[in-house]
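Take the position in the sequence shown, starting the count at 1, then add 73; the result is the number in this note's numbering.
The next block holds one structure in the form of structure tokens; read it before the comments.
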Amino acid sequence: MSLQAAMAVATGVQALGQIQNARYQANLAERQARESLKQAEMQKTQLQIEGEQERVKLAQEEILRMRKAKETIATDIAAGAASGALMQGNVFLNESLKNLSEDLNILRTERDLIMQKTKGAVGNLMASAYEQAAITRAAGKAARQAGYLSAVGTLASGGYQTYKMGGTSVTPGDS
């Protein structure tokens, strides 16, 4: 094998190595992007679970307040009946119902805010994850393109060096 042929083979091997490295970098970037999206999905699920736990807690509190209000109303009715007073316009009953209504409105507002907060946090998390994945994928694509260009440059440089060494060209079929 001539020195020119050996140099051409070495140049080709080097270019193939650059292409393989470029593909590896692009594949690595794609795996990283997929992994970051999986992690974001896990965080999304965790945020949703936490939001649901807060909503359940508020629902339990709402049930307790309703029970307490029912007991208070029942006590007011029983006290009014025992005293023989008519319940029309009972100040205590009206106040109990007003307080219950206000408490329930507060709890429902809290629940709605928690739902909005959870949706917002999940939306921000996923938007950030998709953006980061796109950036990682773009970096992988750029690495692949740079590797291909580097391989082309290596082949061109090797071909030029081979040409300078012998001054003759190698054509297919020459052995």
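Where a beta carbon is used, it is the ideal one built from N, C-alpha and C, also for glycine.
All values reported here derive from a predicted model rather than from experimental measurement.
With 16 or more neighbouring CB atoms inside 10 Å of its own CB, Ala88 falls in the buried class. Judged by their CB atoms, Ala95 and Ala219 are nearer to each other than the 8 Å cut-off.
In the three-state DSSP reduction, Ser75 falls in the coil class, being neither helix nor strand. Exclusion of the five residues before and after Glu127 leaves Ile187 as the residues of its chain whose Cβ lies within less than 7 Å of its Cβ. Its Cα nearest to that of Glu134, the residue Ile179 stands out among Gln77, Ile179, Ala83, Gly226. Pairwise C-beta distances place the stretch 96-106 in contact with the stretch 208-216, as three or more of them are shorter than 8 Å. Around the Cβ of Asp185, a 10 Å sphere holds fewer than 16 other Cβ atoms; the residue is exposed.
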